[in-house]
Amino acid sequence: MKIILKIVFAFALASAWYILSGEGSEAISVVFFFLIVFAFFIKPQKIQRSALREKYLEKLKENKKRSQEVNKELNQEQRTVYRDLRRRKE
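Going left to right, the sequence shown walks through residues 217 to 306 as my numbering numbers them.
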């Protein structure tokens, strides 16, 4: 459905060009039609930002590792504090 609408829209623009510019502009209208159709159906090339993506993933890994280390240290400190409290009560 989208394809048909794109072609109809391109045809409408080319027809409007022909009507506005008058006779003698048939070739320009046809070229205009094909240019519009080409512009509608060409897919832009996506830029691969693999280096940027790799840096982002590396930062995520580092942050995850750092947070795991911090959690591990915190758990060790909590265990130590808990052991000390238990020893004091005894």
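Don't be surprised by glycine CBs; every beta carbon is placed ideally from N, CA and C.
For clarity, every value in this text was computed on a predicted model and none was experimentally measured.
Which stretch, first to last residue, makes up the alpha helix (DSSP H) that contains residue i?
i          : result
lysine 288 : 266-305
Go ahead and pull the three-state DSSP assignment for residue i.
i              : result
isoleucine 252 : helix
Using a Cβ-based criterion (distance less than 6 Å to any ligand heavy atom), does residue i qualify as near the ligand MG?
i            : result
tyrosine 272 : Within the structure as shown, the ligand MG is missing, as the structure has no ligands at all.
Quiz item: In chain order, which alpha helix (DSSP H) runs of at least 4 residues are fully inside the segment 217-245?
Solution: 218-237
Exercise. Kindly confirm or deny that the segment 250-267 and the segment 223-232 touch, where touching means at least three C-beta pairs closer than 8 Å.
Key: yes
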